Amino acid sequence: MLPINRAVSRGLFAGLALKAGSSTDVAWARACYAIRFQSTSTHLTDASNRIRRRRKKPAFLDRTPFPPSPEEAVNNILYNTPNATPAPVTRHVLNCLVSNEPGVLSHVSGILAGRGFNIESLVVAKTEVPDLSRMTIVLNGQNVVIEQAKKQLEDMVPVWAVLDYTHGRIVERELLLAKVSTVPHEHLSEFVEHEIEGQEVEEPESRTSFSPLLGTALQRQAITELARLFGARVVDVSLDGVILELSAKPDRVDAFLKLLKPYGIVEAARSGAMAMPRSPVDGVFEDEASLEVEDDSGKVDATMLPPG
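Just so you know, we're using numbering that gives the first Met the number 0 here: the sequence shown kicks off at 0 and counts up by one.
Here's what the structure looks like:
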């Protein structure tokens with residue numbers, strides 16, 4: 000094989016000969032031309048390899064991210080922090096001892112309304128002391144907000160004290176007056192028509208169906224039996240209804256009204272909840288006395304032990 004320089008020179012001459020249209024051997028000229036391009040490409044490949052070997056490898060790149068700024072760190076923490084669970088809304092019973100003077104009720108209700116409370120019940124009455132009144136308030140709210148409202152009520156001049164009976168042992172009662180219809184629904188329209196005309200209700204000839212009077216008597220008996228089970232009293236009886244009186248806990252009053260609803264409640268009035276703390280037993284409350292008995296059961300009398 001010819002050296003590269005000689006082959007390249009022959010290839011150059013062969014290329015010139017081809018361009019000039021010389022009569023030299025065409026095969027020889029083409030071979031020299033191919034050798035020229037092959038040697039040139041080999042020379043370029045060797046040169047690129049030498050340059051690649053001489054090139055310095057880059058240093059190791061540190062891909063560790065830059066530390067975030069304080070603002071970015073705080074925003075990231077705030078974004079990933081879950082929302083706080085709101086405090087539960089519970090039922091609170093407040094007992095306020097206030098002066099028996101005009102305007103106290105409006106001031107107390109104004110403070111509670113400013114806090115956004117919906118008063119469930121409010122009972123105010125004078126006590127055995129002539130210049131002292133007792134105000135029982137039942138409302139729903141969070142413990143923190145209720146505590147702030149209590150402090151505002153205590154700062155009022157007419158308010159002597161604010162007592163929270165929410166978690167205490169109390170006796171809670173509510174008075175209910177309910178007027179219930181004794182006329183069955185299927186005979187109500189017929190009973191009203193005869194009452195408007197001033198005629199007496201005639202019994203039907205067929206004994207298979209109940210007359211309005213018999214249906215009214217049966218419904219009155221059922222309502223009276225239901226009142227007896229709840230400890231309610233019948234304070235008024237008329238031809239088409241009865242008035243019942245019940246004094247019980249608010250939950251029991253609600254249950255009584257639900258059972259009376261199918262009979263037809265004409266109207267109902269509730270006094271609101273009244274509360275009073277339970278009296279202690281021998282100077283301590285019942286739950287504290289039971290704890291003391293349990294603690295004493297674990298003690299051992301030293302005089303009953305054997306000597307030594």
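All C-beta atoms in this analysis are idealised placements derived from N, C-alpha and C, irrespective of residue type, glycine included.
What you are looking at is a predicted structure, and each value in this text was computed from that prediction instead of being measured.
Neighbour-count burial assignment, residue i, 16 or more Cβ in a 10 Å radius
i: N94; result: buried
i: R206; result: Below a pLDDT of 50, predicted positions are generally treated as unreliable, and R206, at 43, falls in that range; no measurement from the model is reported.
i: V252; result: buried
i: G214; result: buried
i: I145; result: buried
i: V107; result: buried
i: A160; result: exposed
i: L152; result: buried
i: V158; result: buried
i: A216; result: exposed
i: A226; result: buried
i: V137; result: buried
i: L131; result: exposed
i: L238; result: exposed
i: H166; result: exposed
i: L77; result: exposed
Own chain partners of residue i with C-beta closer than 7 Å, once the 5 adjacent residues on each side are dropped
i: L104; result: V123
i: Y164; result: V92, N94, A274, P276
i: Q141; result: A86, V88
i: K125; result: N99, S132
i: D235; result: V241, I242
i: E204; result: Note that E204 scores a pLDDT of 48, beneath 50, so its modelled location is shaky; the value from the coordinates is reported in the next line. Result list for E204: empty, nothing under 7 Å.
Same chain only: Cβ atoms within 6 Å of residue i, ignoring 5 sequence neighbours per side
i: Q218; result: T181, P183
i: E171; result: K248, A272, A274
i: R90; result: N139
i: L162; result: N94
i: S246; result: R172, L174
i: A254; result: none
For residue i, the nearest candidate out of the options (CA to CA)
i: A272; options: L152, R133, F229, I222; result: R133
i: E244; options: V143, G263, S237, A267; result: A267
i: S278; options: S237, I169, T223; result: I169
i: S270; options: N79, V73, N99, T135; result: T135
i: E173; options: Y78, L256, I76, N79; result: L256
i: V156; options: I145, E146, F65, G102; result: G102
i: G113; options: V73, K149, L225; result: K149
i: V128; options: N75, Q220, V97; result: V97
i: V88; options: L238, K125, F116, G167; result: F116
i: I110; options: S246, I264, D154; result: D154
Beta-carbon proximity list for residue i, same chain, < 8 Å, skipping 5 on both sides
i: I222; result: V179, T181, V241, L243, L259, Y262
i: Q147; result: R114
i: P67; result: N75
i: F331; result: Any question about residue 331 goes unanswered here, given that the chain covers just 0 to 307.
i: D265; result: Here the sequence assigns Val to residue 265, which means Asp is not the residue at that position. Correct list, in chain order: K178, V179, S180, G240.
i: V143; result: A86
Chain C contact for residue i (CB, 8 Å cutoff)
i: H91; result: The structure shown has no chain C; it contains just one protein chain.
heavy atom of the ligand ADP below 7 Å from residue i C-beta
i: V161; result: You won't find the ligand ADP in this model; it holds no ligand whatsoever.
Review point. Does the stretch 72-87 come close enough to the stretch 112-122 that 3 or more CB-CB pairs lie under 8 Å?
Key: At 8 Å Cβ cutoff, the stretches do not touch.
Check your understanding: Are the stretch 225-244 and the stretch 164-177 in contact at 8 Å, needing three or more beta carbon pairs?
Key -> These segments touch.
Exercise for review: Would you mind listing the beta strand (DSSP E) stretches within the stretch 135-185 that are 3+ residues and don't spill past its ends, in chain order?
Suggested key: Look at the stretch 135-185 and you find these whole runs of beta strand (DSSP E), each 3 residues long or longer: 158-163, 169-180.
Check your understanding: Can you list, in chain order, the stretches of the beta strand (DSSP E) that have 3 or more residues and sit fully within the stretch 56-116?
Key -> If we require 3 residues or more, the beta strand (DSSP E) runs fully inside the stretch 56-116 come out as 89-98.
Check your understanding: Could you give the uninterrupted runs of the beta strand (DSSP E) lying entirely in the stretch 207-249, keeping only those of 3 residues or more?
Key -> Whole beta strand (DSSP E) segments, 3+ residues: 232-236, 240-247.
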